[in-house]
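Structure first, commentary second.
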Amino acid sequence: MKADGGVSPACAGGFSPSWRGGGKGVGDGLGRHPQPTPFPPAALIARPAPGRCRQPMATVRGSPGLPALLRLLLLLGAGGSRPGTADRCSWRGSGLSREPRSRAVEQVHLRCTEGSLEWMYPTRALRVVLEPNLSSAQHTTVCIKPASDFQGANIYVERAGQLHLVLSEAEGARPHHVSCFSAHRPQRVALFLQASPQRDISRRTASFQYELLSNQSTAGPDFKKMALVEAMCRPCDNVELLMAICSSDFVVKGSIRNVSHDSENHMSRVDVSVQRVYRQKNRIFQQDEGSGEWRGPIRTLLQCKVKKGGGDFLFTGNEHFGEAWLGCAPRFKDFMFVYRAARERGANPCEFELN
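See the structure below:
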């Protein structure tokens, strides 16, 4: 929230092309961009500047394991689909289920824009092909969030016959770490997981969530503008606000219980007491068994300097990797004024239940 009692939302390393808010409209509300985003800048791979996604991936050319990796890639033709538990979006399997003498790199095909993978007891290598059913090539960024106990493998992306490191085993162990890279062929992105050498058979699991993000939709932050904190933290204008209530993953009315800050991961957390849930994609906002009160956490970017403000707000935003990220968040009375005026003019892009 801002000094005037409003809340400035934020995104960190997440998803959306337009964070501009403009000074007009609900200026003392929570915040800006209608499309939130999830990763703290520090969580993103980019070392030089917080909040920037590392676009060019470091090639593994010259890495110690590269010759072996290339030989494994040549064996792909002999490899089949990987045994394990799978649906169109996620896969779960074990390296112990493979033939001990097999040198083939087995493959997993996933056909969604988001999902997860869990590879227990990683051995040799696994090739994961993301083949979402897209009507257009608008999803051009891939983000991977490793589990907190990620270990046992390194992750590469295949590009023009070469492997580029996306996530090392050491990086996967860091909390809140998210790695993003551009997808040259969004309809087919190939990831290559190389198991790390192990001296024993203790259990290790290389598991992660993935999301394919659109640079042309309003579903997330613009990576090119992620360094422009002023633009990211501005309040939404009226047009953005009206679109946010139609397209956001969650829309709730509530007040702010508490605001906490995580300087290490460049995030702020807004704990919300919810009066009404208009929409939510998953069960982030839930009823407390003890008090019966509906509550839920919303994350924002630390640089937006969110502070606790009184009164009721309309919180909107998107969900990424199971977390809610703040988008537009005006004071509720200001939202009502904007929406009613737009409806009288026939300018509201969707109907919103007022009662």
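Residue numbers (my numbering): 52 to 406. Virtual Cβ for every residue (Gly too), placed ideally from N, Cα, C.
- Looking at the backbone, the Cα of Ala257 and that of Glu404 are separated by about 44 angstroms.
- Counting C-beta pairs closer than 8 angstroms gives fewer than three between the stretch 354 to 362 and the stretch 289 to 296, which falls short of the contact rule.
- Going by DSSP, Cys231 is part of the beta strand (DSSP E) stretching over Ser230 to Ser233.
- Among the bridge pairs identified by DSSP, Asp322 is matched with Asn309 and Pro348.
- Here Glu374 is buried. Its C-beta has 16 or more other C-beta atoms within 10 Å.
- Separation of the CB atoms of Phe336 and Gly347 is rounded to 3 angstroms, and the pair is thereby assigned contact status at 8 angstroms.
- Glu209 is positioned such that its CB atom lies closer than 7 angstroms to that of Phe243.
- By alpha-carbon distance to Arg139, the top candidate from Gly146, Glu150 and Val180 is Val180.
- In the structure shown, the three-state DSSP call for Asn184 is coil.
- Using a 10 angstroms sphere on the CB of Lys196, the tally of other CB atoms reaches 16 or more, which defines it as buried.
- By the 16-neighbour rule on beta-carbons within 10 angstroms, Asp385 is buried.
- Counted as a single uninterrupted DSSP element, the beta strand (DSSP E) harbouring Gly166 occupies residues Glu165 to Met171.
- Residue burial is scored here from C-beta neighbours: Leu147 has fewer than 16 other C-beta atoms within 10 angstroms and is therefore classed as exposed.
- DSSP places Arg139 outside both helix and strand once states are collapsed to three, so it counts as coil.
- By the criterion of a C-beta distance shorter than 6 angstroms, Val240 is surrounded in its chain by Leu181, Val193 and Ala234, once the five residues flanking it on both sides are discounted.
- By a beta-carbon distance limit of 8 angstroms, Ser319 contacts Thr351. Their separation comes to about 5 angstroms.
- Beta-bridge partners of His317 (DSSP): none assigned.
- Arg334 is positioned such that its CB atom lies no closer than 7 angstroms to that of Lys304.
- When the Cα atoms are used, Ser199 and Glu315 turn out to be separated by approximately 16 angstroms.
- Residue pairing by DSSP places Cys194 opposite Cys231 and Glu262 in a beta bridge.
- Taking the C-beta atoms as reference points, Arg255 is found nearer than 7 angstroms to Gln202.
- Across the structure, Glu157 and Arg178 are spaced so that their CA atoms are roughly 6 angstroms apart.
- Counting along the chain, the unbroken alpha helix (DSSP H) around Gly223 starts and ends at Glu220 to Gly223.
- A distance of 7 angstroms or more separates the beta carbons of Gly368 and Phe259.
- For Phe201, no alpha helix (DSSP H) encloses it, and the DSSP letter there is neither H nor E.
- CA-to-CA, the gap between Asn399 and Ser141 works out to about 37 angstroms.
- Residue nearest to Cys297 within the set Arg308, Asn309, Cys401 and His371 is Cys401 (criterion: CA-CA distance).
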